[in-house]
Each structure stands twice: as C-alpha cells, then as structure tokens.
Amino acid sequence: MVPTGGHQRRCRPVRIYVEFRNHYSFLADSPEVRRLLNSSSLISEQLVQQLHANGVDPLELPQFSVVRPGDLKLHADERVYSVSPLELRLAQQTGQLARGPAVDAARHLADLVPARIGQVLNTAGLADLQPRLESYFGPAFLADQAVFTLADICTHVGIECFAEGRVTLETLLLAPLFRPAGAGTVALVHTVFQEYFAARYLRTAAGREAAGSNAEPILTEQVREFLVHLGAETIPAPPRTLPAATYLVGPSHRLLLRKIEKPVLFDEFPVTVGQYKAFLAAVAEQGCAQWDHPDTPPGHSHEPWQERLRNPEYFTDPVYDNYPANCVNWWSAYAFARFEGKRLPTCVEWEAAARGTDGRLFPWGDGVDLAAVNCADAWSGRPLVTYEVWKQEIDGGRLRDCAPTPVTDHAANLSPFGVHGMSGNVWEWTETVFDGINSAVICGGSYDNPYRAVQTSSKALYLRRGSSNAVGFRCVREVA
C-alpha cells in the first residue's frame, strides 16, 4: 500500500517493501512466483476487504494504491514509477531506463518483451526468424507445451539458430531467450515471452481458428493483454456485422476461443421504448400468436410490468421514447424480435460483437473511462472498488437516482463492429437459455452495477419471466 500524496488523514500511511536477495529471482517461473511478479497492479480486493473490516476506507487514504510485492521505486525528473522486477530487468537489458521520463510509457511488458526479442534477434543477425518463432512457440503455448528439445528448435525455427550448424546449447545464437530445462531441452527464459508469441499467433483470424479447432487452448490474461496492445487483424465486414470467425470470450480466469459459424447483423442500439410501443400497438391490433415462442406461458401479456417500473410514465411519456425498453421479460423480447423479422443474439455472439477480434475488456478498449458508460461508479462520482463499497453506496441511498439513459448517450461506448451501448445502461437478454432452471443469459451490466461488472464478458442468469428496470435487449438479423 503506497500513499503518493494528498492531504493528511487520520489513517497512518503504511509502506511495504520486499527485498529480492537473488538478482536472478525474476527468472523463477513457477505459477506462484509468476503471479507474484506478473500480476496486474490493480487494487487487491482481499486487502481492501481487510481494510474495511478494520474500519478503514481505502479511498480515504491519500491517493490509495496497491503495488505488487517487490515493485521497485524509480525516480526520474522528480516523478516516481513503480515497476516489477521483471519489467525492471527487461528495461535495463533493452536500455529503456536511459530514456528518463519515457520509462513510464516504455516499461510495460507489451513494449519491453518485443523490444528484448528484437534485441536478441538483431544481435544474432536473425531478425527474419521472428515469424518462425511466433508460428512455433505461440501454438505450443496454447497447447500447454513449455519445454523443447534443441532438435525441435532446429526443425521448426531453423539450423540458422545454431552457430556453425552444430545443434548444442553452447552454439544456440538465441540463448538469451532460453534457459536450460533438462538434458538437451530448453524453455523460454520466462513464460511471458511465450505468451507474447501466442498473442502474435492469435492476431490473425487463421491463427485463432486453428487454435480454436484443437483441444481447449491455454489462454491467459497476459496473452489477452498482449493481443489488445498488438491489435488483432481486422475482418472486413459491413457496419454492425459480426463476421463468421473465431473470437476470444470469457472472464480473465476462464478465457476461451469460440467460433461464430454465420455472420449476424446487430441492431445499432438496444430496443427503445418507442420501438416497443409500436410492437404493443401491433399486438393490440393483430394478436401475438405469430410471434410468440412455442413455450410462452398461457395468458402471457407483452405489456411491461407496470408494478416494477420505477417511473410509471416511462412507456407513456414521449420524452422516454429514445430510452431502452425495460421491465420486459424474455418471452416478450423474443416475440418483439420475431415481430421485426429478427432474433435475440446468443450470449457468444453478443460478447464477440462487444469485444471485437482482440478480446478487449470494454467496447472501446482496456482503458478505464467512466465518462463512456452509465454505471454505478459514474453516478457515485468515485470508483467503487469492491462489492462492499458498492453495497455501502446502495444502502446509504447514494445510488437512488441511478437510472437508464437514452440509448444514443455515451458516444464512446462503441464496439469495434460499430454497435453502441454494449457496456452498462441496461443488461441485455440473449437467446441462450437454460431450460432446466427456466433462465436466460443476460450480458453487459447495467446503470446500477459497479464498473467492474460492466465488462464485455459480464454475464448473469435471469428468470425468463423476470422483468427489471435494469434489463433490456437488442436484436440481430442473420446475414445470408
């Protein structure tokens, strides 16, 4: 926990330091050490919960932040930077520390790892071998292979890797990228290098399809972060069309590759109150049997659940016509989609359309931008870093004014495929159902959820008969 300035508070600042006595401890590559050295420097939820349990609000600390154990403090032009031992070693090896204030931008692994790879290749005069490294070590990582024989490297990367054509560890020209892993075998000096090669491999649609066609590939959050930084290959498609391809989906602890078999055209915005009122008028005139799901409960009404509406005039006052239709259950969302000659998206289609080809955390990228989304943090005016903090805001009545906003608000809330509002505002029904519990998957989070719950991977289950002010929907049309 490192206070970095601000006014004096009653809390007493605490500093934690970890000394690494072995200068090469950054090479330790066990999962536990790797999590220590390479985990994201986000606020630790466990630590924050402990602070709350002791009556301390972490946000009341002077510019509270938590850095990784072992982070080192660098001073440049009176600015302080926190880097992990791995980042520091790579910055030293590649000469990034000599750039002064530029270290803040250059120290990230997404910049340092390719710089180190390029440095080793250029020194050996083998820069043209990088594509071979990517095409061999990238898929190997996805297949959970981390140890390689020298003969493997000779076969798949080339005899050029070895001086005088002798295949030995001593003659391996790329030795700075490897460490011994047993008799006649080596591994990359740190897993992060192989993760980078995996991200390079996944940049192309062909690479993702090949990886997804095998057994469930090994995907890590670091691979995803590299992929976002690199930028995945764009698949040509008309606006708002999700192309048939393989996409990265799922939460950070369970990343997956899933294939979309057929392209679908997404509605630009969630279904609005005005659109839903047109559907209700058609139902009043023609009935709804031609649009209803075969399993729609008898006597079901497509009228919004009036008792649930926080604003009783939401569906009668024209001022709300451009707001998302809510308090509409799954059966009615299904019927509306049929009414328009469309359907609800599956949860995988929805997530792929929100994330794009690089698997980003939010429709606009990985960056935190409270101005881009209608969520609880934006209404609170401060980051709600844990469930406990969010619950305190609700219990204290400070989120009572949270509500949906017009679907055209938050212009930055735009997915790579041109679909608006896929983060926050209202959860969205999908076609993906669990019949055994009569529930469907909803995606995207809502206006009263904290920022951490409005990611592109955010999902929940909701009873198909359920209606909520925080749940809406949008439709898709299959493209021939």
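Residue numbers (this note's numbering): 161 to 640.
Even glycine gets a Cβ: it sits at the ideal position worked out from N, Cα and C.
Start-to-end residues for the alpha helix (DSSP H) that takes in residue i
i: G492; result: The amino acid at residue 492 is misidentified as Gly; the sequence shows Ser. Note, S492: alpha helix (DSSP H), W490 to F499.
i: R249; result: P245 to T254
i: Y622; result: Y622 -> not in any alpha helix (DSSP H); beta strand (DSSP E) instead, spanning K619 to L623.
i: P464; result: Looking at the DSSP string, P464 is not in any alpha helix (DSSP H), and its letter there is neither H nor E.
i: F475; result: No alpha helix (DSSP H) contains F475, which DSSP labels as neither H nor E.
i: F297; result: Q290 to L302
i: W539; result: A536 to S540
i: W451; result: Counting along the chain, W451 falls outside any alpha helix (DSSP H), and DSSP gives it neither H nor E.
Backbone secondary structure at residue i - three-state DSSP
i: V433; result: helix
i: H316; result: helix
i: G278; result: helix
i: L408; result: strand
i: S599; result: strand
i: T283; result: helix
i: T590; result: strand
i: V348; result: Correcting the residue type first, residue 348 is Leu in the shown sequence and not Val. Of the three classes helix, strand and coil, the one that applies to L348 here is strand, per DSSP.
i: P377; result: coil
i: E638; result: strand
i: T401; result: strand
i: T331; result: coil
i: P218; result: Its pLDDT being 46, under 50, P218 is placed unreliably in this model, and the value from its coordinates should be taken loosely. Correct three-state label for P218: helix.
i: L574; result: strand
i: T517; result: helix
i: R363; result: coil
i: R326; result: coil
i: G605; result: coil
i: R612; result: helix
Nearest-angstrom Cα separation, counted from residue j out to residue i
i: P340; j: A347; result: 6 Å
i: R634; j: S606; result: 14 Å
i: T394; j: L362; result: 12 Å
i: R470; j: N486; result: 10 Å
i: S201; j: T546; result: The pLDDT assigned to S201 is 32, lower than 50, so where the model puts this residue is not dependable; a value taken from the coordinates is nonetheless given after this. Rounded to whole angstroms, S201 to T546 spans 16 Å at the Cα level.
i: R276; j: E509; result: 37 Å
i: I444; j: T380; result: Strictly speaking, residue 444 in this sequence is Ala, with Ile absent from that position. Near 51 Å, if we compare the C-alpha coordinates of T380 and A444.
i: S185; j: Q382; result: Residue placement at S185 cannot be trusted, given a pLDDT of 31 that sits under 50; the coordinates are not used to answer.
i: V593; j: A513; result: 19 Å
i: V317; j: D304; result: 19 Å
i: T432; j: H453; result: 21 Å
i: N573; j: F301; result: 33 Å
i: F386; j: Q446; result: 53 Å
i: L544; j: L332; result: 51 Å
i: T345; j: V388; result: 32 Å
i: L621; j: W491; result: 15 Å
i: N629; j: Y474; result: 10 Å
i: L623; j: A270; result: 42 Å
i: E192; j: H350; result: Only weak support is given to the placement of E192: the predicted model assigns it a pLDDT of 34, under 50, and the value that follows is read from those uncertain coordinates. Between E192 and H350, the C-alpha separation is close to 13 Å.
i: F577; j: L402; result: 7 Å
i: F522; j: V409; result: 12 Å
i: A262; j: Y296; result: Any reading at A262 must be qualified, since the residue scores a pLDDT of 42, below 50, and its modelled position is unreliable; the value itself is stated next. Cα to Cα, the separation comes out at about 33 Å.
Local Cβ density within 10 Å of residue i, reported as buried at 16 or more and exposed below that
i: S373; result: exposed
i: P478; result: exposed
i: R313; result: The amino acid at residue 313 is misidentified as Arg; the sequence shows Ile. I313 comes out buried.
i: H462; result: buried
i: H413; result: exposed
i: A536; result: buried
i: I602; result: buried
i: Q615; result: buried
i: N282; result: exposed
i: E294; result: buried
Distance CB(residue i)-CB(residue j) smaller than 9 Å
i: L390; j: A343; result: no
i: P336; j: V280; result: yes
i: P299; j: A371; result: yes
i: K365; j: T517; result: One detail in the question is off: residue 365 reads as Ala in this sequence, not Lys. Yes.
i: A405; j: E369; result: yes
i: V424; j: V636; result: yes
i: S599; j: P464; result: no
i: L286; j: L329; result: no
i: G527; j: F429; result: no
i: G632; j: N585; result: yes
i: E591; j: K422; result: no
i: S617; j: R542; result: no
i: K619; j: E511; result: yes
i: Q450; j: F496; result: no
i: L559; j: W587; result: no
Residue span of the beta strand (DSSP E) that contains residue i, given as start and end
i: K419; result: L416 to I420
i: E393; result: Unbroken run through E393: none, as it is neither H nor E.
i: E548; result: That residue, E548, is in no beta strand (DSSP E); its alpha helix (DSSP H) goes Y547 to D555.
i: R339; result: F338 to G342
i: V424; result: V424 to F426
Any non-hydrogen atom of the ligand ADP closer than 8 Å to residue i Cβ
i: A404; result: The ligand ADP is not among the ligands present in this structure, which contains no ligands whatsoever.
9 Å Cβ cutoff, residue i in contact with chain B
i: Q435; result: Any reference to chain B falls outside this structure, which holds one protein chain only.
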